[in-house]
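Report on the structure given below.
In this note's numbering, the protein residues as written are 65 to 587.
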């Protein structure tokens, strides 16, 4: 069964059996204390799952907290804190919680904790995650009713991204304290966090799925790729995230170390501001003209980026989501629609009235994506050939997300990444391409200020049907419009590259989360 078909099957099914295991290690126990040290590209920014998201923080969130619905390493969805669910009517879902689930402080999970989590989420910077939840109520301690504004097929998928908080603890300690001292039901609890040095987790003995095999997990943020590689080869690290492409052959030659690669869901995108007055452009913004955006797309040689910078370990993006996802249009390819063609790009610039180009600032990270600074520099060179003078504004990811936060007064062009672990383009489109300030929870990450009433209407239709086939059809129509309008230029999907010592049982996940609960260490 393809991933696309498996996603359809999940969404079309109203209830799931409670007998699905969490994974192959779910009920194993360790004979003796085991420890693993993992090298990440950066430190998490915060441990409150409703205060923002980026990969290092997300990795911690899913160790410390649990969702009602869980996705496994291949994006198949199944029971999490909810053992089963069903639809009461076309707008009301009923979720039955597992019996006796414990928070790390010993308190028992109740339906009121789920209701509190959803209500708090609606008032947070992550409110887009609850955009299709009208209300939640506790029927009894183990039963939650969640209502959607209209018929909505993708609710179970959405709930895989909502991590459940302890109501009493959160109210007691407040938002700032929760960000430093989390309280969840996850397989691990926080032991120590020395920022920018190490974050240590210890296995939670009362985890509902069974105690983790690895007792202690140490995450070390090491931003320099060469330093991460060296720490692995000297035995300081057991697992390394984002092994540098230039180090692959060197690490493969070492005994006792394995290199693992997996195609990523992470799509690197170039967001183009379409406001007439753009922060870093003098005069009227030329990018409001679709011909300029097409010229930019044709001036970017993604094959050269893959060959020279990514060492062949990237896949040029055909669309905004992978082929496996709802909303993907069979046969449509951005690269074929707008092939690399400098002469045509220059002609389009002339047609748009800017034959000599214009100056604009590109905001990008220098420590978040694989070779991100080098990719940004390549874009500077390529777009310069059609007269677009890019001023690079590179910064670490710790500064980046706040700098580009919507609505941002700073940015005219942004290079960042987006992945869709839900397997459904709607979650991405509602956030990135829906008109801002039109509908609560929608357009909240619309960094281009793009607004197309036809796209909005299609997304509304997709979100108001309980039929998966209809939802897919509406999302595909939205994809066609987005490919034609070019509010963003898709560059490539990264290849996730890890290295691990042979003493560690480790298999990369599609969503790029490193989850120690799925790992083991040899005796």
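Backbone N, C-alpha and C fix where the C-beta goes; we use that ideal spot for every residue, glycine too.
The model shown is predicted, which means the values in this text are computed figures rather than measured ones.
In the three-state reduction of the DSSP assignment, residue 469 falls in the coil class.
Fewer than three pairs of CB atoms, one per stretch, sit closer than 8 angstroms, so the region 220–228 makes no contact with the region 257–268. Residue 458 and residue 438 have their C-alpha atoms roughly 10 angstroms apart. Here the alpha carbons of residue 546 and residue 519 stand approximately 8 angstroms from one another. DSSP places residue 520 in the uninterrupted alpha helix (DSSP H) bounded by 517–526. Contact fails between the region 399–407 and the region 331–346, because fewer than three Cβ pairs, one in each stretch, are under 8 angstroms apart.
Check the Cα spacing between residue 392 and each of 487, 451, 187: the tightest is with 487. DSSP places residue 273 in no alpha helix (DSSP H); its state is neither H nor E. Residue burial annotation: residue 120 is buried, with at least 16 other C-beta atoms found within 10 angstroms of its C-beta.
Assigned with DSSP and collapsed to three states, residue 549 falls in helix. Per the C-alpha coordinates, the member of 460, 104, 227, 541 positioned closest to residue 248 is 227. Residue pairing of residue 252 in beta bridges, as defined by DSSP: 267. Excluding five sequence positions before and after residue 229, the CB atoms of its chain that fall closer than 6 angstroms to its own CB belong to 181, given in chain order. Residue 121: member of the alpha helix (DSSP H) spanning 119–128, first to last residue.
Residue 570 has its alpha-carbon roughly 5 angstroms from the corresponding atom of residue 583. Put simply, of 581, 576, 564 the residue whose alpha carbon is nearest the alpha carbon of residue 321 is 564. Using a Cβ distance threshold of 8 angstroms, residue 208 and residue 283 do not count as a contacting pair. Judged by beta-carbon spacing, residue 109 lies beyond the 8 angstroms limit of residue 287, meaning their Cβ atoms are not closer than that value. Restricting attention to beta strand (DSSP E) runs no shorter than 3 residues, the region 201–256 encloses them at 207–211, ordered along the chain.
Around the C-beta of residue 206, 16 or more other C-beta atoms lie within 10 Å, and the residue is accordingly described as buried.
The beta-carbon distance between residue 424 and residue 452, rounded to whole angstroms, is 7 angstroms. This is short enough to meet the 8 angstroms contact definition. By the Cβ criterion, the region 352–365 is not in contact with the region 498–508, since fewer than three pairs of Cβ atoms, one from each stretch, lie closer than 8 angstroms.
Per the coordinates, the alpha-carbon of residue 128 lies some 10 angstroms from the alpha-carbon of residue 266. As summarised for the region 402–442, the continuous beta strand (DSSP E) elements at least 3 residues long and confined to that stretch are 422–429, given in chain order. Selection 558, 473, 378 evaluated against residue 343 yields 473 as nearest (Cα-Cα). If you look at residue 296, you'll find it in the alpha helix (DSSP H) that goes 289–297. Between residue 341 and residue 409, the CB-CB gap reaches or exceeds 8 angstroms. Residue 378 sits away from residue 562, with the two beta carbons spaced by 8 angstroms or more. Taking all protein chains shown into account, residue 310 has fewer than 16 neighbouring C-beta atoms within 10 Å of its C-beta and is therefore exposed. Between residue 242 and the set 112, 479, 430, 133, the nearest pair of CA atoms involves 112.
If you compare the alpha carbons of 234, 218, 161 with that of residue 204, the shortest gap goes to 161. Under the criterion of beta carbons closer than 8 angstroms, residue 481 and residue 331 qualify as touching, at roughly 6 angstroms. Residue 145 places its beta carbon 8 angstroms or farther from that of residue 185.
Residue 578 sits in coil when the DSSP states are folded into three classes, being neither helix nor strand.
DSSP places residue 382 outside both helix and strand once states are collapsed to three, so it counts as coil.
Here the region 441–451 does not lie against the region 529–548, with fewer than 3 beta-carbon pairs under 8 angstroms apart.
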